[in-house]
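Presented below is the structure to which this report refers.
Protein chains in written order, with the working numbering: chain G, 57 to 344; chain V, 92 to 438.
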């Protein structure tokens with residue numbers, strides 16, 4: 057029971073790690089970023105190239121994740137300038153399809169660079185074992201992901217709701233034109249947030265790398281789960297995404313407990329129910 | 092006064108001739124498609140047939156998008172439902188009554204679209220609708236992958252091509268080219284229905300709704316009902332296209348409900364030409380050509396597809412059809428100008 061729960065919570069936090077970037081970019085630009093899953097994958101591949109099959113230590117894993125976050129962030133900055141900025145303020149369907157195109161390009165480039173073979177990376181020493189909680193064996197890597205999810209949530213929540221820069225970003229998201237009248241450099245702010253969003257995708261890719269089978273379809277599965285999470289939580293709302301990720305963990309736990317033969321079914325069912333009950337998400341839509 | 096009249100006259104002449112040129116091109120393309128079994132080998136013929144089905148399916152999607160302004164990201168699910176209904180019916184031995192089977196699949200697509208539309212359309216549009224339809228299709232895919240009766244992940248293979256029975260005479264569709272021609276006829280009928288819907292009063296109502304919901308409702312258009320009907324029609328066409336696809340491919344798999352199938356009409360429409368009736372058809376065949384020529388280049392195929400899509404969205408919004416029309420208009424205007432100048436000099 058506890059084992060199932062921890063497993064589901066790990067999935068929930070993993071999805072949350074990916075969903076943070078998605079909800080950030082939605083908050084600032086009202087864009088649903090289809091390319092996010094591919095960027096997550098790019099981060100994972102970059103990390104695996106840095107680390108090899110056997111990461112040296114926990115810090116090497118985190119370091120590699122930060123580097124891939126940086127690289128993917130720079131990629132995001134390029135995408136923002138070349139594609140997204142030009143579509144800002146136009147029909148939302150165009151940016152939706154544009155991010156889909158970016159996803160195709162990214163996924164194709166990943167296949168060209170890293171090939172179609174499956175890779176796998178072991179957890180680093182220190183995280184490859186397990187600990188015993190109330191007599192249940194819990195993989196320590198699961199605990200690492202849960203801790204990472206909570207840490208990222210706390211940091212982002214602080215940055216967005218408490219820090220000066222976060223408040224500037226919120227102002228730009230609410231009304232870019234008025235905030236530019238106040239002397240805020242709105243285009244710069246948007247670029248920073250978009251870069252941050254892509255960097256979070258890369259970071260998530262690096263952190264979640266061990267125990268995953270790296271293949272070109274990795275991004276799609278997580279992308280859809282992350283979409284569901286941010287929609288249930290309320291688009292653009294970090295706290296909502298966190299709550300929705302917890303909810304997703306609970307639903308997945310119930311699914312694993314009662315319907316072990318069909319993983320994932322209840323999540324989609326629950327998501328559809330949630331959307332119909334609260335079309336704007338649990339905490340409502342928010343502009344950051 | 093007389094020159095103005097003359098200008099107007101030549102203007103009308105040009106507009107007419109552009110339509111005429113395009114009509115001639117469509118007729119030529121239709122003729123080439125019809126003669127395909129004599130021109131290419133069976134592998135390529137299969138590809139053309141699939142593209143034909145997908146083109147019809149995309150036109151159905153585009154009626155929803157370009158006319159009603161609603162973007163569904165889950166139309167693959169409806170396509171999949173149609174394909175599974177047809178596959179099951181043929182497996183159950185109803186193959187002789189293929190036309191009723193198609194009608195059944197069409198009805199299934201329409202019914203599911205009606206259910207989804209009834210619940211979803213009043214509350215949401217834009218991104219929320221996109222996500223909802225996307226995850227509904229994904230839910231369907233997950234369920235199909237688990238139901239053993241429907242072949243789980245392997246789907247239903249070995250679907251026999253049916254025999255059309257009209258009571259007093261039968262048409263055997265078991266050979267590749269016979270079924271191909273059946274596909275051509277069915278596609279033509281479906282395209283005709285779509286054309287009639289899009290260009291009749293219903294299409295105009297939808298356009299009004301897309302341009303301005305409030306004004307449309309002020310002049311007495313039932314916005315919700317128009318959108319719902321468009322959603323159902325699009326679902327019916329997706330279901331019908333699925334039913335046509337199943338015996339042609341001879342296998343149906345849960346992947347038909349996946350994101351790739353759902354986004355295909357979007358790509359086709361965008362490349363072919365947004366807000367153009369024939370756009371998705373042009374786009375479907377253009378994508379078929381790209382896929383065919385890059386099929387051995389893993390990775391590059393997606394980069395090229397994505398790259399083209401980006402170029403279309405960023406610089407070339409009206410797609411191939413729009414670009415072609417602009418080109419044609421330019422050429423015709425130049426010719427008209429030349430002729431007018433020549434006439435003036437002669438005078």
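Glycine included, every Cβ here is placed at the ideal spot set by N, Cα and C. Everything numeric in this text was worked out from a predicted model, so none of it was measured.
Chain-ordered neighbours of residue i on chain G, where CB pairs are closer than 7 angstroms
{"i": "residue 217 (chain V)", "result": "148"}
{"i": "residue 172 (chain V)", "result": "By Cβ distance, chain G contributes nothing, its closest Cβ being about 16 angstroms from residue 172 (chain V), past 7 angstroms."}
{"i": "residue 361 (chain V)", "result": "153"}
{"i": "residue 301 (chain V)", "result": "Within 7 angstroms Cβ-Cβ: nothing; residue 301 (chain V) doesn't reach chain G, min ~11 angstroms."}
{"i": "residue 210 (chain V)", "result": "332"}
{"i": "residue 350 (chain V)", "result": "276"}
Residue i in three-state terms, based on DSSP
{"i": "residue 353 (chain G)", "result": "No answer is possible for residue 353 (chain G): it lies beyond the span of chain G, which begins at 57 and ends at 344."}
{"i": "residue 385 (chain V)", "result": "coil"}
{"i": "residue 366 (chain V)", "result": "coil"}
{"i": "residue 264 (chain V)", "result": "coil"}
{"i": "residue 164 (chain V)", "result": "coil"}
{"i": "residue 188 (chain G)", "result": "strand"}
{"i": "residue 238 (chain V)", "result": "coil"}
{"i": "residue 334 (chain G)", "result": "coil"}
{"i": "residue 356 (chain V)", "result": "helix"}
{"i": "residue 180 (chain G)", "result": "coil"}
{"i": "residue 348 (chain V)", "result": "helix"}
{"i": "residue 292 (chain G)", "result": "coil"}
{"i": "residue 183 (chain V)", "result": "coil"}
{"i": "residue 394 (chain G)", "result": "For residue 394 (chain G) there is no data in the structure shown, the boundaries of chain G being 57 and 344."}
{"i": "residue 178 (chain V)", "result": "helix"}
{"i": "residue 163 (chain G)", "result": "helix"}
{"i": "residue 284 (chain G)", "result": "helix"}
{"i": "residue 199 (chain V)", "result": "helix"}
{"i": "residue 283 (chain V)", "result": "helix"}
{"i": "residue 339 (chain G)", "result": "coil"}
{"i": "residue 99 (chain V)", "result": "Bear in mind that a pLDDT of 49 at residue 99 (chain V), under 50, signals an unreliable position, so the number given afterwards is only what the model happens to contain. Note: residue 99 (chain V) maps to helix in three-state DSSP."}
{"i": "residue 220 (chain V)", "result": "helix"}
Bridge partners - residue i, DSSP secondary structure assignment
{"i": "residue 188 (chain V)", "result": "V:255"}
{"i": "residue 343 (chain V)", "result": "V:247"}
{"i": "residue 144 (chain G)", "result": "Looking at the DSSP assignment, residue 144 (chain G) forms no beta bridge with any residue, so it has no partner."}
{"i": "residue 270 (chain G)", "result": "G:175"}
{"i": "residue 195 (chain G)", "result": "G:186"}
Contact set between residue i and chain V, taken where Cβ atoms lie within less than 9 angstroms
{"i": "residue 85 (chain G)", "result": "Per Cβ cutoff of 9 angstroms: no residues; residue 85 (chain G) is ~12 angstroms from chain V at best."}
{"i": "residue 128 (chain G)", "result": "Correct list: empty, because the minimum Cβ distance to chain V is about 17 angstroms."}
{"i": "residue 287 (chain G)", "result": "218, 219, 222, 223 and 226"}
Host alpha helix (DSSP H) of residue i (start-end)
{"i": "residue 292 (chain V)", "result": "292–302"}
{"i": "residue 429 (chain V)", "result": "410–437"}
{"i": "residue 92 (chain G)", "result": "92–107"}
{"i": "residue 112 (chain G)", "result": "Per DSSP, residue 112 (chain G) belongs to no alpha helix (DSSP H) and is neither H nor E."}
{"i": "residue 403 (chain V)", "result": "391–406"}
{"i": "residue 59 (chain G)", "result": "58–85"}
{"i": "residue 263 (chain G)", "result": "242–263"}
{"i": "residue 152 (chain V)", "result": "133–153"}
{"i": "residue 221 (chain G)", "result": "220–230"}
Chain G residues whose Cβ lies nearer than 8 angstroms to that of residue i
{"i": "residue 353 (chain V)", "result": "Per Cβ cutoff of 8 angstroms: no residues; residue 353 (chain V) is ~11 angstroms from chain G at best."}
{"i": "residue 229 (chain V)", "result": "280 and 324"}
Residues that residue i contacts on chain V, provided the C-beta gap is smaller than 8 angstroms
{"i": "residue 284 (chain G)", "result": "222 and 226"}
{"i": "residue 299 (chain G)", "result": "None at all; the shortest Cβ gap to chain V is about 18 angstroms."}
Interface residues of chain V facing residue i [CB-CB closer than 7 angstroms]
{"i": "residue 164 (chain G)", "result": "390, 391, 392, 393, 394 and 397"}
{"i": "residue 154 (chain G)", "result": "401 and 404"}
{"i": "residue 327 (chain G)", "result": "226"}
Any non-hydrogen atom of the ligand SAH closer than 7 angstroms to residue i Cβ
{"i": "residue 146 (chain V)", "result": "For the ligand SAH, the structure offers nothing, since it holds no ligand at all."}
Within-8 angstroms CB hit, residue i to chain C
{"i": "residue 276 (chain G)", "result": "Considering every chain present, this structure includes no chain C. Its protein chains are G and V."}
Exercise. Pair every Cβ in the stretch 278–296 of chain G with every Cβ in the stretch 83–92 of chain G, then say whether three or more of these pairs are closer than 8 angstroms.
Key: yes
Quiz item: Should the stretch 196–204 of chain V be regarded as contacting the stretch 264–271 of chain G, the criterion being three or more beta carbon pairs within less than 8 angstroms?
Solution: no
Exercise. Say whether the stretch 292–301 of chain V touches the stretch 131–140 of chain V, bearing in mind that this needs 3 or more beta-carbon pairs closer than 8 angstroms, one atom from each stretch.
Key: no
Quiz item: Counting pairs of beta carbons, one from the stretch 172–190 of chain V and one from the stretch 251–266 of chain V, are three or more of them closer than 8 angstroms?
Solution: yes
Quiz prompt | Meets three-Cβ-pair contact criterion under 8 angstroms: the stretch 165–178 of chain V and the stretch 344–356 of chain V | solution = yes
Exercise. Spell out a yes or no on whether the stretch 113–133 of chain G and the stretch 246–257 of chain G are touching, meaning 3 or more CB-CB pairs, one atom from each, closer than 8 angstroms.
Key: yes
Practice problem: Inspect the CB distances between the stretch 95–112 of chain G and the stretch 172–191 of chain G and report whether three or more fall short of 8 angstroms. | Solution: yes
Exercise. Check whether the stretch 218–235 of chain V touches the stretch 325–335 of chain V, counting contact only when three or more Cβ pairs, one atom from each stretch, lie closer than 8 angstroms.
Key: no
Exercise. Inspect the CB distances between the stretch 88–100 of chain G and the stretch 322–330 of chain G and report whether three or more fall short of 8 angstroms.
Key: no
Quiz item: Given 8 angstroms as the limit, is there contact between the stretch 174–183 of chain V and the stretch 395–411 of chain V, that is, 3 or more CB pairs closer than that?
Solution: no
Quiz item: Using 8 angstroms as the Cβ pair cut-off and three pairs as the minimum, do the stretch 422–430 of chain V and the stretch 382–401 of chain V touch?
Solution: no
Quiz item: Okay, do the stretch 404–415 of chain V and the stretch 366–378 of chain V touch, 3+ Cβ pairs below 8 angstroms being the bar?
Solution: yes
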